[in-house]
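Below is one structure, written out as structure tokens, with a few remarks after it.
Protein chains: 2
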Amino acid sequence: MNAKVFVTLKKGVLDPQGKAVQHSLGSLGYGNVQDVRLGKYVEIKLDETDKAKVDSQLKEMCEKLLANTVIEDYHYVIE
Amino acid sequence: MNAKVFVTLKKGVLDPQGKAVQHSLGSLGYGNVQDVRLGKYVEIKLDETDKAKVDSQLKEMCEKLLANTVIEDYHYVIE
Numbered sequence: 567m568n569a570k571v572f573v574t575l576k577k578g579v580l581d582p583q584g585k586a587v588q589h590s591l592g593s594l595g596y597g598n599v600q601d602v603r604l605g606k607y608v609e610i611k612l613d614e615t616d617k618a619k620v621d622s623q624l625k626e627m628c629e630k631l632l633a634n635t636v637i638e639d640y641h642y643v644i645e
Numbered sequence: 567m568n569a570k571v572f573v574t575l576k577k578g579v580l581d582p583q584g585k586a587v588q589h590s591l592g593s594l595g596y597g598n599v600q601d602v603r604l605g606k607y608v609e610i611k612l613d614e615t616d617k618a619k620v621d622s623q624l625k626e627m628c629e630k631l632l633a634n635t636v637i638e639d640y641h642y643v644i645e
């Protein structure tokens, strides 16, 4: 089974990298860019067919390793 | 309008960061992880209501700044 995990900074947490990208886009002429937030995108291939098991495993993986839950949110989709 | 941009390494391009995550997941007991690929996830807020214009603008942004098209693929969704 394949899973896609998205890790983003929580609302209210400063995102200097996103601001840098926003500024660069502004310099390139895209003045209509109001906000940019950067996150991580993780594609995971699992040797497992039980969707419920994959779901609980992914939750654990995010909590333990993929996301820093103090400052980051995560969500995932299983395919 | 909001857009979500996904930037991933092309197939065949080595992803040492992904391998490191895969190895870490293995150490944590998730031996059924077959592959991990890391990418970027960019949320962009645009002050623009014309979807066609947003689409062409996002394509330009990806080609010029957000992705290195030599080694990376990108796709985006507009909401």
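Just so you know, the protein sequences line up as chains A and B, in that order. Throughout the first sequence, residue numbering follows the working numbering, covering 567 to 645 in sequence. Throughout the second sequence, residue numbering follows the working numbering, covering 567 to 645 in sequence. All C-beta atoms in this analysis are idealised placements derived from N, C-alpha and C, irrespective of residue type, glycine included. Here the structure is a predicted model, which is why all the values come from computation and not from measurement.
Sequence-distant residues of the same chain with beta carbon closer than 6 Å to residue i, five excluded per side
i, result
"A:His641", "Phe572"
"B:Cys628", "Tyr640"
"B:Val587", "Val602"
Contact set between residue i and chain B, taken where Cβ atoms lie within less than 8 Å
i, result
"A:Val636", "Residues of chain B passing the Cβ test: none, with the nearest at roughly 19 Å."
"A:Lys630", "Leu594"
Chain A contact residues for residue i, given Cβ-Cβ distances below 8 Å
i, result
"B:Ile644", "Those do not exist, as B:Ile644 stays about 14 Å from chain A at its closest Cβ, beyond 8 Å."
Other residues of its chain near residue i: CB distance less than 7 Å, five sequence neighbours each side excluded
i, result
"B:Asp581", "Leu575, Arg603, Leu604"
"A:Asp613", "none"
Alpha-carbon to alpha-carbon, residue j and residue i
i, j, result
"A:Ser593", "B:Leu631", "11 Å"
"B:Ile637", "B:Gly584", "15 Å"
"A:Tyr596", "A:Asp616", "45 Å"
"A:Leu607", "A:Asn634", "Residue 607 of chain A is actually Tyr in this sequence, not Leu. The straight-line gap from Cα to Cα measures roughly 14 Å."
For residue i, the first and last residue of its enclosing alpha helix (DSSP H)
i, result
"B:Ala618", "617 to 627"
"B:Leu591", "582 to 593"
Where residue i meets chain B, residues with beta-carbon distance less than 9 Å
i, result
"A:Ser544", "Outside the shown range of chain A (567 to 645) lies residue 544 of chain A, about which nothing can therefore be said."
Same chain, Cβ closer than 8 Å to residue i, five either side skipped, listed in chain order
i, result
"B:Leu624", "Ala569, Val571, Ile610, Tyr642, Ile644"
"B:Val620", "Met567, Ala569, Leu612, Glu614, Ile644"
Partners in chain B for residue i, counting only beta-carbon separations shorter than 7 Å
i, result
"A:Leu532", "One cannot answer for residue 532 of chain A here, as it falls past the ends of chain A, which runs 567 to 645."
Residue i - containing beta strand (DSSP E), residue span
i, result
"B:Glu645", "Careful: B:Glu645 lies outside any beta strand (DSSP E) and carries neither H nor E."
"A:Lys647", "The first residue shown for chain A is 567 and the last is 645, placing residue 647 of chain A beyond what the model contains."
"B:Lys630", "Taken as a continuous stretch (DSSP letters only), B:Lys630 belongs to no beta strand (DSSP E), as it is neither H nor E."
"A:Ile610", "599 to 612"
- prompt: At a Cβ cut of 9 Å, what residues of the segment 597 to 617 of chain B count as close to chain A, listed as they run along the chain?
  reply: Gly597, Asn598, Val599, Gln600, Asp601, Val602, Arg603, Leu604, Gly605, Lys606, Tyr607, Val608, Glu609, Ile610, Lys611, Leu612, Asp613, Glu614
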